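Chemist: Starting off with a structure, shown below.
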Amino acid sequence: PDMVLDLPEDFFQKKHEQYPQLTLDECRYVWTGEAFYARLLRFSGLLMHASCVEKDGYAYLFSAKSGTGKSTHTALWLKAYENTRIINDDKPAIRKINGRFCACGTPFSGKYDISENVQIPVRALVFLQRGAENTIERISPDRAIPLFLSQTLRPPVAEVMGLMLDTLGELLESVPAFRLTCNMDISAAHTAFRGIEKFYQQNGEQYED
């Protein structure tokens, strides 16, 4: 394995005593995930609070505050399009592999526990918000950085924070970010997909179906 996490059981017991509102299993889930993310940063990787859907070999990540409707939106993609599946419904990893950023399934997959052990090239990062009408716009890396930082763990150690920012900078230079305002109608999935692909077509890259 690339990494091994070896957290002793008494560590989780102490966390459970410190946070009695969490069950012991929830403590294992939370702090194993935190340890995984800290190690992932040393492998050109990031963890993003998002629901990630694959369509025809490309990964699309939808991120927002809990309760906004990330899982609801990606479920619309499964209804709207064939050849789609959920890669991870809560905390996919984004890792640079052979010079390309890929979305990867992780064991940290939220309340629905949906995740696939795959590596799929990332097509777009989408920051979602609720609205009556469906609209999508490209946003600059500068605008995307604070949105991304609000949906990931920020390491307390300066060196590790530097690793995260370096990787995030590379990610936003190579993968476009968008803001999607959407309702819960299936047309929201069409708006998102068509808006992303329109950007690629305008920049000279065709969608390979």
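This note's numbering runs 40 ahead of the 1-based position in the sequence shown. Yeah, the Cβ is synthetic: ideal placement off N, Cα and C, and Gly gets one too. Nothing here was measured: the structure is a model prediction, and the numbers come from that model.
Is the separation between the beta-carbon of isoleucine 137 and that of glutamate 94 shorter than 8 Å?
Modeler: Locating residue 137 in the sequence shown gives position 97, where the first residue counts as 1. Locating residue 94 in the sequence shown gives position 54, where the first residue counts as 1. Cβ atoms of isoleucine 137 and glutamate 94: not closer than 8 Å.
Chemist: Can you name, in chain order, every residue of its own chain whose Cβ lies under 6 Å from the Cβ of glycine 85, other than the five neighbours on each side?
Modeler: As a first step, residue 85 must be located in the sequence shown, where it is residue number 45. Counting only Cβ-Cβ distances below 6 Å, and skipping sequence neighbours, we find Ala133 and Arg135.
Chemist: Run the CB neighbour count on tyrosine 59, radius 10 Å, all protein chains shown included, and call it buried at 16 or more, exposed below.
Modeler: By one-based count along the sequence shown, residue 59 stands at place 19. Exposed is the call here.
Chemist: Which one or two residues does DSSP pair with threonine 169 in a beta bridge?
Modeler: Taking the sequence shown and counting its residues from 1, one reaches residue 169 at position 129. Position check: residue 169 holds glutamine in this sequence, whereas threonine was assumed. In the DSSP output, where bridge partners are listed per residue, glutamine 169 has Thr221.
Chemist: Counting along the chain, where does the alpha helix (DSSP H) carrying glutamate 237 start and finish?
Modeler: As a working note, residue 237 is residue 197 in the sequence shown. Unbroken alpha helix (DSSP H) run through glutamate 237: 227-242.
Chemist: Determine the contact status of glycine 244 and phenylalanine 218, defining contact as a CB-CB distance below 8 Å.
Modeler: Stepping through the sequence shown from its first residue, residue 244 is reached at position 204. Stepping through the sequence shown from its first residue, residue 218 is reached at position 178. It is not a contact, given that the beta carbons lie outside the stated cut-off.
Chemist: For alanine 99, count neighbouring C-beta atoms within 10 Å of its own C-beta (all shown protein chains included) and say buried if the count is 16 or more, exposed if not.
Modeler: Translated into positions along the sequence shown, residue 99 becomes position 59. Classification for alanine 99: buried.
Chemist: I need the DSSP call for glutamate 248, collapsed to helix, strand or coil.
Modeler: Here residue 248 corresponds to residue number 208 of the sequence shown, with the count starting at 1. Residue placement at glutamate 248 cannot be trusted, given a pLDDT of 49 that sits under 50; what the coordinates show is reported in the next sentence. Here glutamate 248 sits in coil by DSSP.
Chemist: One question on the structure: do valine 162 and valine 215 come within less than 8 Å of each other, judged by their Cβ atoms?
Modeler: As a working note, residue 162 is residue 122 in the sequence shown. As a working note, residue 215 is residue 175 in the sequence shown. Contact flag set, yes.
Chemist: Provide the residue span of the alpha helix (DSSP H) that contains arginine 68, from first to last.
Modeler: Locating residue 68 in the sequence shown gives position 28, where the first residue counts as 1. It spans 64-80 - the alpha helix (DSSP H) in which arginine 68 sits, taken as one unbroken run.
Chemist: Suppose the cutoff is 6 Å on Cβ atoms and the five residues either side in sequence are ignored; what does the same chain contact list for phenylalanine 167 look like?
Modeler: In the sequence shown, the residue the question calls residue 167 occupies position 127. Excluding sequence neighbours, phenylalanine 167 sits near Ser103, Leu187 and Arg219.
Chemist: For isoleucine 154, name the three-state secondary structure that DSSP assigns.
Modeler: The residue given as residue 154 occupies position 114 in the sequence shown. The answer is coil: DSSP assigns isoleucine 154 none of H, G, I, E or B.
Chemist: Excluding the 5 residues flanking tyrosine 69 on each side, which residues of the same chain have their C-beta closer than 8 Å to its C-beta?
Modeler: By one-based count along the sequence shown, residue 69 stands at place 29. If we look at tyrosine 69 and ignore the five residues flanking it on each side, its Cβ neighbours are Phe148.
Chemist: Rounded to whole angstroms, what's the CA-CA distance from threonine 221 to threonine 108? Just pull it up for me.
Modeler: Looking up residue 221 in the sequence shown gives position 181. Looking up residue 108 in the sequence shown gives position 68. One C-alpha to the other measures close to 11 Å.
Chemist: Output the residue ranges of the beta strand (DSSP E) runs that lie fully inside the region 96-124 and measure 3 residues or longer, sorted by chain position.
Modeler: The region 96-124 contains these whole beta strand (DSSP E) runs: 98-103.
Chemist: Just the Cα atoms here: how many angstroms apart are glutamate 155 and alanine 172?
Modeler: Residue mapping note: residue 155 aligns to position 115 of the sequence shown, counting from 1. Residue mapping note: residue 172 aligns to position 132 of the sequence shown, counting from 1. One point to set straight first is that residue 155 is serine, not glutamate, in the sequence displayed. Approximately 30 Å between the Cα atoms of the pair.
Chemist: Return the residue from the list Glu210, Ala184 and Glu57 that minimises the CA-CA distance to glutamate 49.
Modeler: Counting from 1 along the sequence shown, the entry for residue 49 is found at position 9. Answer by Cα proximity: Glu57.
Chemist: Report yes if the C-beta distance between asparagine 174 and threonine 231 is below 8 Å; otherwise report no.
Modeler: What you label residue 174 is simply residue 134 of the sequence shown in a count that begins at 1. What you label residue 231 is simply residue 191 of the sequence shown in a count that begins at 1. Cβ distance < 8 Å, so asparagine 174 and threonine 231 count as in contact.
Chemist: Does the beta-carbon distance from proline 181 to alanine 78 come in below 8 Å?
Modeler: Here residue 181 corresponds to residue number 141 of the sequence shown, with the count starting at 1. Here residue 78 corresponds to residue number 38 of the sequence shown, with the count starting at 1. Cβ atoms of proline 181 and alanine 78: not closer than 8 Å.
Chemist: So, is asparagine 123 buried or exposed, given that buried needs 16 or more other C-beta atoms within 10 angstroms?
Modeler: On the sequence shown, residue 123 is found 83 positions in, with the first residue counted as 1. Asparagine 123 comes out exposed.
Chemist: Could you tell me the distance, in whole angstroms, from the CA atom of alanine 120 to the CA atom of arginine 178?
Modeler: Indexing the sequence shown from 1 puts residue 120 at position 80. Indexing the sequence shown from 1 puts residue 178 at position 138. In a straight line, the C-alpha of alanine 120 is about 22 Å away from that of arginine 178.
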